[in-house]
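Under the UniProt record's numbering, the first residue of the sequence shown is numbered 1, with each subsequent residue one higher. All C-beta atoms, glycine included, are put in the ideal place defined by N, C-alpha and C. In this text, all values refer to a predicted model and were calculated from it rather than measured experimentally. Notes follow once the structure below has been shown.
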Amino acid sequence: MSAGRVSEGAGWVSWWGFSPARNLLSPVKSDGEMNVLLVGSGDPRHILKTIMDSPVEQNLHMWVIESSMDVVARQLLLLYFIILLKPRSSKMFCFQRGLKFSWSFLETRKSAFKERDELARIFKLWIQQTSPVIMSKAWDYRVRQHLGTRYDSKKGCFDWDLTMKLHEKGCGVISKQQYVQWRGKGLAFEMREGIYQTTNPTLLSTRVFNKKGDKLGIRGYWGDIVSSPYLSFGIESDDKKLLKTQNGQHLNVKYGCKYCLSNTSHLVTLEAFISFTGIRSKYIFESQLTVIITVKYDLMHLSGVSVTFLPLDSLQKLPQKQKYSKYFNSVYFSASCVHQLDPMMGQIAAPDAVLVVELAKYILDLNKEQEAGFAETVANLALKAGFEPWCEGASDGVHAVFVQQKK
1 MSAGRVSEGA GWVSWWGFSP ARNLLSPVKS DGEMNVLLVG SGDPRHILKT
51 IMDSPVEQNL HMWVIESSMD VVARQLLLLY FIILLKPRSS KMFCFQRGLK
101 FSWSFLETRK SAFKERDELA RIFKLWIQQT SPVIMSKAWD YRVRQHLGTR
151 YDSKKGCFDW DLTMKLHEKG CGVISKQQYV QWRGKGLAFE MREGIYQTTN
201 PTLLSTRVFN KKGDKLGIRG YWGDIVSSPY LSFGIESDDK KLLKTQNGQH
251 LNVKYGCKYC LSNTSHLVTL EAFISFTGIR SKYIFESQLT VIITVKYDLM
301 HLSGVSVTFL PLDSLQKLPQ KQKYSKYFNS VYFSASCVHQ LDPMMGQIAA
351 PDAVLVVELA KYILDLNKEQ EAGFAETVAN LALKAGFEPW CEGASDGVHA
401 VFVQQKK
């Protein structure tokens, strides 16, 4: 039983991933300076997990490529998951409009002005007093388009996806109340009871439609409406007390928000110590848009850690630069960006590099045959890029791990 069309359910913008956080340096042989490339991660979960699991003395450089500037902007602000803000939170967000980004870190050559200007435009949209989009209507429109004739029995569809899919796939910590509320209203990770009625502008983007030969851009919510943001931060935890079960049932299922709080506590800590710096020379290529996030936290000794957001079209250009030949120790592709995995990737992978690819296990509108077909496609693409399956670890069906082929 499928609740709706895959494209409608998964959406066209990846605001979050379809998998829990993973240390992307596992099973890389960590020694010396490490460079990690992430393609389409959608949120900071892998970045944070990799940083936290890395040796304190290691120099770690994360390089991020996204599919849209809206996602880049949202990652920069480190706001995620909450589709509606309480009025007080909204006022706090607007109050911070006085916060100014140092545009020097976006300093680029003329050919990169378009992306820089787009990022500035997105930031300005966020601080508008009123949003042009009513999120409740935008969300309901997406649900109607996804379910079609099943809309009148939507709660039954929601319950099926939760019980027969998410729970069967090991996500029993997601409660029915939480999941049905998110599927119906887009509301997840409530911190406390209250009214969440203000649109979160960081989850809005523009989708282009063709109408009678003319292109029409419509601003709205175009992300995932089926799998849920709980997958990224809400189904695993290092705090084993939150994972206790009794008679096969999770004891803390109604406190699902605690999973997110536990897993993102490091994020809250890091956020206060993040500074933006730019590089004025040695550009990767002429259309470079470089944003460096240097995480500084003395108690955690995170010096030497950097996160660089690259231009949207940089994936095809990296292999053309000698500097990035055999450069990345780990390369990650999200499920939505697998089509960009081509043989050229082998040129930028360091010796003994690891390739990690997100699979379609949690894309709920796919059946088992489609999931298996997706995994087979990933394996074939990896093989053409010079990688073979990593045989030392058991596959969890969430990520496929590959290592360079032995010659």
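#1: Determine the direct distance from the alpha carbon of S54 to that of Q145, and round the result to whole angstroms.
#2: Roughly how many angstroms lie between the CA atoms of L25 and V354, to the nearest whole one?
#3: Helix or strand or just coil, what does DSSP make of A335?
#4: Here's a check: name, in chain order, each residue in its chain whose Cβ is nearer than 8 Å to the Cβ of V133, leaving out the five neighbours to either side.
#5: Output yes or no for whether 8 Å exceeds the beta carbon distance between N35 and W63.
#6: So, are the CB atoms of Y332 and I348 less than 8 Å apart?
#7: For the 8 Å Cβ check, are there 3 or more pairs between the stretch 375 to 394 and the stretch 33 to 52?
#8: Measure from the alpha carbon of C171 to the alpha carbon of each residue in P229, S336, G186 and K155, then state which is nearest.
#9: Just grab the DSSP bridge partners of E388 for me.
#10: Work out the CA separation of L318 and E8 for me, nearest whole Å.
#11: Considering only the alpha carbon of each residue, which of D43, V39 and P27 lies closest to S232?
#12: Using only the alpha-carbon positions, how far apart do L366 and I122 sit?
#13: So, with DSSP's three-state summary, where would you put W160?
#14: Grouping DSSP H, G and I as helix and E and B as strand, with all else coil, what is D214?
#15: With distance defined between alpha-carbon atoms, name the residue in S153, K185 and G386 nearest to M135.
#16: Whose C-beta lies closer than 7 Å to the C-beta of K361 among residues of the same chain, with five residues either side of it excluded?
#17: Tell me where the alpha helix (DSSP H) around T308 begins and ends.
#18: Find the nearest neighbour of V226 within the set D140, I195, N210 and T206, judged by alpha-carbon distance.
#19: How many angstroms separate the CA atom of M300 from the CA atom of E57?
#20: Apart from the five residues just before and just after A272, which ones in its own chain have a Cβ nearer than 8 Å to its Cβ?
#21: Just curious, the alpha helix (DSSP H) that L147 is in, first and last residue?
#22: Starting from V180, follow the beta strand (DSSP E) in both directions and report where the run begins and ends.
#23: Relative to the alpha-carbon of T308, which residue among L162, D117 and A73 has its alpha-carbon at the smallest distance?
#24: Looking at L147: is its Cβ nearer than 8 Å to the Cβ of K155?
Walking through what the data contain:
#1: The residue labelled residue 145 in the question sits at position 145 within the sequence shown. The residue labelled residue 54 in the question sits at position 54 within the sequence shown. In a straight line, the C-alpha of Q145 is about 43 Å away from that of S54.
#2: The count along the sequence shown starts at 1 and reaches residue 25 at position 25. The count along the sequence shown starts at 1 and reaches residue 354 at position 354. Their Cα atoms are separated by approximately 8 Å.
#3: Translated into positions along the sequence shown, residue 335 becomes position 335. The answer is helix: DSSP assigns A335 an H, G or I state.
#4: By 1-based counting over the sequence shown, the position of residue 133 is 133. So the list reads T199, L204, R219, G220 and Y221, once near-sequence residues are dropped.
#5: Here the question's residue 35 lines up with position 35 in the sequence shown. Here the question's residue 63 lines up with position 63 in the sequence shown. A distance below 8 Å separates the beta carbons of N35 and W63.
#6: Residue numbering aside, residue 332 sits at position 332 when the sequence shown is read from its first letter. Residue numbering aside, residue 348 sits at position 348 when the sequence shown is read from its first letter. A distance of 8 Å or more separates the beta carbons of Y332 and I348.
#7: no
#8: Numbered from 1 along the sequence shown, position 171 holds the residue referred to as residue 171. It is P229.
#9: Here residue 388 is taken as the residue at index 388 of the sequence shown, counted from 1. Answer is V403.
#10: For this step, residue 8 is matched to residue 8 along the sequence shown. For this step, residue 318 is matched to residue 318 along the sequence shown. Approximately 32 Å between the Cα atoms of the pair.
#11: Counting from one through the sequence shown, the residue named residue 232 turns up at place 232. Out of D43, V39 and P27, D43 has the C-alpha closest to the C-alpha of S232.
#12: Your numbering for residue 366 matches position 366 in the sequence shown. Your numbering for residue 122 matches position 122 in the sequence shown. Between L366 and I122, the C-alpha separation is close to 33 Å.
#13: Sequence index remark: in the sequence shown, residue 160 carries index 160 (1-based). Helix, per DSSP.
#14: On the sequence shown, position 214 is the one that residue 214 refers to. Of the three classes helix, strand and coil, the one that applies to D214 here is strand, per DSSP.
#15: Taking the sequence shown and counting its residues from 1, the one referred to as residue 135 is at position 135. Among S153, K185 and G386, the Cα nearest to that of M135 is on K185.
#16: Stepping through the sequence shown from its first residue, residue 361 is reached at position 361. K169, E371, G397 and V398, listed in sequence order.
#17: Walking along the sequence shown from the start, residue 308 turns up at place 308. First-last for T308: V305 to F309, but that is the beta strand (DSSP E), not the alpha helix (DSSP H).
#18: The residue given as residue 226 occupies position 226 in the sequence shown. With distances taken between Cα atoms, V226 lies closest to D140.
#19: As a first step, residue 300 must be located in the sequence shown, where it is residue number 300. As a first step, residue 57 must be located in the sequence shown, where it is residue number 57. With a pLDDT of 42 at M300, under the threshold of 50, the modelled position of this residue cannot be trusted; read the value that follows with caution. Each residue's Cα considered, the two are about 10 Å apart.
#20: Within the sequence shown, numbered from 1, the residue matching residue 272 stands at position 272. Confidence at A272 is low in this model, with a pLDDT of 31, below 50, so the placement of that residue is unreliable and no value is reported for it.
#21: As a first step, residue 147 must be located in the sequence shown, where it is residue number 147. Per DSSP, L147 belongs to the alpha helix (DSSP H) from M135 to L147.
#22: Translated into positions along the sequence shown, residue 180 becomes position 180. For V180, no beta strand (DSSP E) run applies; the uninterrupted alpha helix (DSSP H) run containing it begins and ends at K176 to K185, by DSSP.
#23: The count along the sequence shown starts at 1 and reaches residue 308 at position 308. Checked all of L162, D117 and A73; the closest Cα to T308 is A73.
#24: The residue given as residue 147 occupies position 147 in the sequence shown. The residue given as residue 155 occupies position 155 in the sequence shown. No, they are not a contact pair.
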